[in-house]
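From first to last, the protein sequence lines are chains A and B. Counting from 1, one number per residue, gives the positions in the first sequence under the numbering used here. Counting from 466, one number per residue, gives the positions in the second sequence under the numbering used here. Structure, as structure tokens:
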Amino acid sequence: MNKTRAIIKYCVICVIVALAVTLCFVEFTFPFTNVKYVGCYQAIKNKMGIDLNGGVLAVYTVSPSENSTNLEDEVNATINRIKNTLSKQGYLESTVTRQGTNPNYKIRIEVPGMSNTEDIMDAIGTPANIEFLEPNADQSSAQNYDETKVFLTGEGLAGVKVVSDPEDAAKYAIQLSFTDEGKTKFREKVKTANGQYMAIFSNKTLISAPKISEDNASTLGSDGKVLITGQYDKDGAESFALQIESGMYTVGLDISQMSYIPATLGEGAIKAGLIALAVGLLIIFILMMVVYRDFGLIANLSLIIYTVIFVFFLAIIDSIQLTLPGIAGIILSIGMAVDAYILIFEQIKEEYRSGKRFAAATHAGFNKSIITILDANVTTIIVSLILYLLSSGSIRGFAITLALGVGISMFVGLLITRALAKLYLYINPDNAKRANIKFKPTDEVVVENKSVIPQKRKLNMGGAK
Amino acid sequence: MKLGEKLRNTKFNFVRNGRWFFIAPAVILLVGIIILAVLGFNLGLEFTGGTIVSVSADGEHVKAQITEKMNSYDIKYTITEEQNTSGGTNYSIKFNATDKTEDIIKDLHEYFNTEDWNSAESIQASTTNETIMGVFWSILAALAGLIVYMLIRFKFTAGIATVLALAHDVLMICALMAIFRIEINASFIAAILTVMAYSINNSLVVFDRVRSLEKNNINNDTLEQIVNCSITRTLGRSILTVGTTLATLLVLTVISIAMQLSSLIQFALPIIFGLFAGTYSSLFLIGPMYKQFETARLYTKQRKTAKSN
């Protein structure tokens, strides 16, 4: 490869990088299709946590039900149900996490973008006690049912869904599905109760008493699902479904903390963060160019590539939410990425001063600094992985952004920057001054008039113990 | 770069002057402890528990009205006011009333019309204590992981010096937070973690150099000379790395102060404190510490061999 081809390659790389950067900020719909492209910038903005975007935070204390066997599993099941309920209602970015240890569990719910503390009650429902009572032939009035004759509770339910009414397309119906145990119990009761009314109680109040139609027993046989029709409109069906769904929480939930974080902080904070990041990057760019000249340019190009890859992963990984600690993780990992370049270039300087030619010094500099970079980054990754495994909430966000950022910076520093530097050597194979490296023959540190530093470590192959 | 050359050829003896470097942190720590004993930390709501209700209004008598209203509840409370960007004033009412909280919030909600109503934040201290303990244990576990890695890759003594430097950095942040009366809130934990990562990184780079110099020690240099050389040679790198991160954080702080984003200031300041503390410990403290530990280790080793002979 000659100089011209290397320069052309550099130009191509710059164009591709510029294109990638632009793609981060734009948003469009592909022509002739419905496929929408959302740039990383917007995608991450949509993923802001409640400390940035505002929203509602609620912590519930868990109390085990009377016949609880494995509380941990029950809490996890409840968490999954709350998650489902929230995402069904469009709160896709909400996080539901378990806190505390057995048996003092708490469930922490964060819903970014929600504007009122009361909304969370509407969204997940008030934890209720759902009971199915022995069918009755007479009529659908609460007094006619024997409250002690409960044959199925919320635990027998596997899911509840709003579907459209098969008999009237404009109306809606509620579809119940059961666990295996619930299925058997339900089928047993319903088989002999054709035409009777089955009462559903929530917290000891009658919420519905649908008539058991002839084919209920048989439908349950085929797919284990039951349809409750009743000329519901969409809202009616949804609130009914929610009432039943909140009866499926297998543990009792008592509110212990509820707060609303206003969104105004989010807009300001994200703006401040972005400006700081932009100015900070600019300062880094200028500093690197002043200190390392051409190598500084390589570092800056690598840093842009790094940022694009990092931002891409932040946008596509679902479990990452942008929070204040997350931003700390981002700043820290950018710092560590720059640190890797500085370590490499300092090593190159040293190699050059120990007598190598520029190209050889560059190669040796990359090779030797690998160990330092690996040590520094692997420790950080170990620490952040342990933190990730053991913590919850925003600390977890910090740990995952940090681990991701450091991992990517290692990949970019050790592979991409190296490749760019090698390519650069085709353009400038011998002029170290362009990388701001000057030869200084008296490169030693003198401690009390004694010269101590091994001048040519290369010659030391046999000498080491 | 001229400054860089000067730094590289510095004849400063980091190890010999070791004891003097422990004075400044000791003084800061002492002042911090005294202030902590007298005033304690300036703890945020997450740590103290209680409720914060914020209202914004621009009338003259608002404060008097709020005070009057709050007095009627017969509870302890504090009111802080802050100018907001739209020209009005934000009032934060902080109180701690365990069983009456819900009623008071409801009552205040009715009292201020909804437009002025900013937010009501209610946090119970017990919730936070559990979270804090969880974080504390996970940090300890992470440190244990770090020590194991250091044991595999470096000498035991280097590992101890790294962890002590880390402890120094964290203590310094806590002392400085207490001295400057900066509110400690949930993001403080993230700040501490950030500083920890930086601290480890800084120490590792120095010890990496020490390790390679020790391995290639053909001139029979003393430990002191090796440590001094390692610190001097990584000086340029330390200053550049800290400088670049500091630049970003300072910009963040300045913007936050201009935009009155107190939560961001409370987040950036401890990291800035920690960066200074971390740089200080990796330049001035780990060298002398490592030398002391290594000398002690070699001494015991010698005595053991002498005994067995």
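Even for Gly, the Cβ is constructed at its ideal location relative to N, Cα and C. If you're wondering where the values come from, they're calculated on a predicted model, not measured in any experiment.
If you draw a straight line from the Cα of glutamate 74 of chain A to the Cα of valine 251 of chain A, it is about 7 Å long.
For phenylalanine 358 of chain A, not one C-beta of chain B is nearer than 8 Å to its own C-beta.
A direct Cα-Cα distance of roughly 29 Å separates leucine 729 of chain B from glutamate 27 of chain A. A straight-line Cα-Cα distance of about 42 Å links isoleucine 531 of chain B and leucine 740 of chain B. Counting only residues of its own chain and dropping the five nearest sequence neighbours on each side, valine 496 of chain B has a CB closer than 8 Å to the CB of Ala640, Ile644. Glycine 54 of chain A carries a coil assignment under DSSP once its states are collapsed to helix, strand and coil. With the criterion set as a beta carbon lying under 7 Å from some beta carbon of chain A, the members of the stretch 618 to 644 of chain B are Arg618, in sequence order. Within chain A, the residues placing a beta-carbon under 8 Å from that of tyrosine 614 of chain B are Val378, Thr379, Ile382, ordered along the chain. Phenylalanine 398 of chain A reaches chain B at Ile654, Ala655, Leu658, Thr659, counting residues in chain order whose Cβ is nearer than 9 Å. With the criterion set as a beta carbon lying under 8 Å from some beta carbon of chain A, the stretch 481 to 505 of chain B has no members that meet it. Under the three-state reduction of DSSP output, proline 490 of chain B falls in the helix class. Cβ atoms of phenylalanine 601 of chain B and alanine 656 of chain B stay farther apart than 8 Å, at about 15 Å. One thing to note: tyrosine 614 of chain B has its Cβ within 8 Å of the Cβ of isoleucine 382 of chain A. Interface with chain A (8 Å Cβ-Cβ cutoff): aspartate 673 of chain B is included.
Secondary structure at aspartate 568 of chain B: helix, using DSSP grouped into helix, strand and coil.
Residues of the stretch 313 to 347 of chain A that bring their beta carbon within less than 7 Å of a beta carbon in chain B comprise Leu324, Pro325, Ala328, Ile331, Leu332, Gly335, Met336, Val338, Asp339, Ile342, Leu343, Glu346, in sequence order.
Only residues of its own chain outside the window of five on either side were considered, and among them Leu281, Ile334 have a CB closer than 8 Å to the CB of threonine 307 of chain A, listed in chain order. Here threonine 543 of chain B really is in contact with lysine 559 of chain B; their C-beta atoms are around 5 Å apart, less than 8 Å.
Per DSSP, phenylalanine 653 of chain B is one residue of the alpha helix (DSSP H) stretching across 652 to 680.
The stretch 608 to 622 of chain B and the stretch 698 to 711 of chain B do not touch, with fewer than 3 CB-CB distances between them shorter than 8 Å. For proline 735 of chain B, the uninterrupted alpha helix (DSSP H) segment begins and ends at 727 to 745. Taking a contact as a CB-CB distance under 8 Å, the pair isoleucine 342 of chain A and aspartate 673 of chain B does not count as one, their CB atoms being some 14 Å apart. In the three-state reduction of the DSSP assignment, phenylalanine 312 of chain A falls in the helix class.
Contact annotation: alanine 169 of chain A and isoleucine 736 of chain B have beta-carbon atoms that are not nearer than 8 Å.
The stretch 658 to 666 of chain B makes contact with the stretch 620 to 631 of chain B: 3 or more CB pairs, one atom from each, lie closer than 8 Å.
Legend: CB atoms of the stretch 85 to 105 of chain A lying less than 9 Å from CB atoms of chain B belong to residues Gln99, Gly100, Thr101, Asn104. Here leucine 714 of chain B has Ala733, Ile736, Ile737, Leu740 as same chain residues with Cβ atoms under 8 Å from its own Cβ, once five neighbours each way along the sequence are excluded.
Taking each of B:Asn774, B:Leu573, B:Phe653, B:Gly483 in turn and checking the Cα distance to serine 537 of chain B, the smallest one comes out for B:Leu573.
Of the candidates A:Phe151, A:Ala123, A:Ile120, A:Phe151 places its Cα closest to the Cα of proline 135 of chain A.
At a cut-off of 8 Å between C-beta atoms, leucine 297 of chain A does not count as an interface residue with respect to chain B. If you check the CB distance, tyrosine 292 of chain A and asparagine 436 of chain A come in under 8 Å. The beta carbons of isoleucine 298 of chain A and tyrosine 388 of chain A sit no closer together than 8 Å.
For a Cβ distance threshold of 9 Å, nothing in chain B lies close to leucine 19 of chain A: the least Cβ distance comes to about 26 Å. Contact check for phenylalanine 132 of chain A against isoleucine 244 of chain A fails: the beta carbons are separated by 8 Å or more.
Bridge partners of leucine 508 of chain B according to DSSP: B:Ile649.
Of all residues in the stretch 155 to 174 of chain A, none is placed with a Cβ closer than 7 Å to any Cβ belonging to chain B.
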